[in-house]
Ligand SMILES: Cc1cc2nc3c(=O)[nH]c(=O)nc-3n(C[C@H](O)[C@H](O)[C@H](O)COP(=O)(O)OP(=O)(O)OC[C@H]3O[C@@H](n4cnc5c(N)ncnc54)[C@H](O)[C@@H]3O)c2cc1C
Ligand code: SF4
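In the numbering used here, the protein residues as written are 505 to 836.
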């Protein structure tokens, strides 16, 4: 680990000023991802801005909107009474992530921004466009079993990065149409969750559309009638303490056996949490039935493309979609 300057800003503005003025400067929250990256020489911040004492910890409900502060711990959110009652999907996704100890350190803001777990990204002996753009992608011709099948370049062999977003929380927030509140040098803005993370394109080194120095203040969720029939299904190599190979977040509004509204998002399959908009449209107005769920899964796979070692996802993903829908609808 290289030497760095440690800052403890007195307020939000001071924190934002420091990180905006220095390209390598980073905010640090729980440190459960950033410190690992620093130890391996992947992140080399000259200035580390500790935000832990800033007033961004509250979880509060106002006028039908639930606001979760960026510094709320993953474990605090999962234990919060309102979150438990209104957003069981979020609780399931949070509790499926990492371990109890890590969830006691990890914050919501840090979880949104955790970096991919592609092994080549963490090993500086290998070329990686995400670590340094235009150097190549070792996963393309390497071991790519954990990698993406959606959101890839239209032209095969022109993918700049096939890594996946590793967060469980992000998949649930995608399904719940969360809004991210951020503050930067130009003031505050609200970012729809679908626009928060990006596909790799020409800039695989960037994971999000945040501008330099922008601080996440919190996440907003509106109260909708999607809590009764929801489920987060995570498939992983071990029962605990492992990242998703594939996961699905499902929330359904069901009235007398008919689906009135549907949200469907996948994890472990793309550079960003992957919403299945076509599948959602198809579900609306349909009865709860296994054959409808299978059709939705088939339609959802039309844009998928696999690589040498992750072809198994082409079978696993539709099965996960169907299973998650069945459990959410109460008919596993
Ligand atoms: C062994 C292990 C297993 C794990 N397993 C899982 C898993 O199964 N599922 C899962 O989802 N996650 C898993 N994680 C990841 C873990 O959830 C993240 O490391 C954690 O959520 C990051 O939060 P943090 O507060 O520690 O972030 P930090 O490490 O402090 O920061 C991460 C990044 O976010 C930035 N940042 C932090 N807060 C803000 C803010 N408010 N505004 C702007 N930028 C900010 C930092 O600058 C940094 O770039 C695992 C981690 C470990 C170490
Ligand atoms: S998939 Fe992305 S993170 Fe992995 S080696 Fe390729 S460019 Fe790097």
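Note that the Cβ used here is the ideal one computed from N, Cα and C, for glycine as well.
Tell me the DSSP secondary structure of residue 803 in three-state form.
It is helical.
If residue 663 and residue 600 are in contact, beta carbons under 8 Å, what's the gap, nearest whole angstrom?
So it is not a contact: roughly 28 Å between Cβ atoms.
Please classify residue 771: does DSSP put it in a helix, a strand, or coil?
Residue 771 falls in the strand class under three-state DSSP.
Please check the pair residue 725 and residue 680, which I expect to be a contact at CB under 8 Å, by giving their CB distance rounded to whole angstroms.
With a Cβ gap of about 6 Å, residue 725 and residue 680 count as contacting.
Is the Cβ-Cβ distance between residue 750 and residue 783 less than 7 Å?
It is not a contact, given that the beta carbons lie outside the stated cut-off.
Could you pull the DSSP bridge partners for residue 563 from this structure?
Bridge partners of residue 563: 572.
For a test of your reading of the model: does the CB of residue 522 fall under 6 Å from any non-hydrogen atom of ligand 1? Yes or no.
Answer for residue 522: no, Cβ out of range of ligand 1.
What residues in its chain sit with their C-beta under 6 Å from that of residue 722, if we drop five residues either side in the sequence?
Excluding sequence neighbours, residue 722 sits near 571, 572, 573, 574, 685.
Per DSSP, residue 511 is paired with what?
Looking at the DSSP assignment, residue 511 forms a beta bridge with 553.
Can you tell me which residues form a DSSP beta bridge with residue 687?
DSSP lists 692, 719 as partners of residue 687.
Using DSSP with H/G/I as helix, E/B as strand and the rest coil, what is residue 579?
Residue state, collapsed to three classes: helix.
At a cut-off of 6 Å, would you count residue 611 as near ligand 1, judging by its Cβ distance to the nearest heavy atom?
Yes - ligand 1 has a heavy atom lying nearer than 6 Å to the Cβ of residue 611.
Would you be able to state if there are at least three C-beta pairs under 8 Å between the region 600-620 and the region 524-542?
With a cut-off of 8 Å, the region 600-620 and the region 524-542 count as touching, because enough Cβ pairs lie within range.
Taking the continuous beta strand (DSSP E) assigned at residue 749, which residues delimit it?
Here residue 749 belongs to no beta strand (DSSP E), and DSSP marks it neither H nor E.
State yes or no: is the C-beta of residue 719 within less than 7 Å of the C-beta of residue 520?
In contact: residue 719 and residue 520 (Cβ atoms closer than 7 Å).
Taking the CB atoms as reference points, tell me whether residue 792 and residue 752 lie closer together than 7 Å.
No; because the gap between Cβ atoms is not below 7 Å, this pair is not in contact.
On the CB-based measure, 16 or more other CB atoms within 10 Å of its CB, does residue 661 come out buried or exposed?
Counting Cβ neighbours within 10 Å, residue 661 comes out exposed, since fewer than 16 surround it.
Does the beta carbon of residue 603 fall short of 6 Å from some heavy atom of ligand 2?
The answer is no for residue 603.
Closer than 7 Å by C-beta to residue 807: which residues in its own chain qualify, once you throw out the five before and the five after it? Chain order, please.
Taken in chain order, the residues that qualify are 654.
With three or more C-beta pairs closer than 8 Å as the rule, is the region 550-564 touching the region 505-515?
Yes, the region 505-515 is in contact with the region 550-564.
Can we say the region 726-746 touches the region 695-710, given the rule of at least three CB pairs closer than 8 Å?
No: fewer than three Cβ pairs fall under 8 Å.
Between the beta-carbon of residue 788 and the beta-carbon of residue 768, is there less than 7 Å?
For residue 788 and residue 768, no; Cβs fall outside 7 Å.
For ligand 1, is there a heavy atom less than 6 Å away from the beta-carbon of residue 608?
Not so, every heavy atom of ligand 1 lies at least 6 Å from the Cβ.
How is the alpha helix (DSSP H) around residue 668 delimited, first residue to last?
Per DSSP, residue 668 belongs to no alpha helix (DSSP H) and is neither H nor E.
Given residue 590, which residues of its chain have a CB within under 7 Å of its CB, disregarding the five upstream and five downstream residues?
So the list reads 570, 727, 731, once near-sequence residues are dropped.
Could you check if residue 670 is buried or exposed, using at least 16 other CB atoms within 10 Å of its CB as the buried criterion?
Buried, by the Cβ-count rule.
Would you mind giving the Cβ-Cβ distance between residue 797 and residue 756, rounded to the nearest angstrom? I have them listed as a contact below 8 Å.
About 11 Å; that fails the 8 Å criterion.
Taking a contact to mean a Cβ-Cβ separation below 7 Å, would you say residue 801 touches residue 777 in this structure?
No.
If you draw a straight line from the C-alpha of residue 831 to the C-alpha of residue 734, how long is it?
Answer to the nearest angstrom: the Cα atoms are 8 Å apart.
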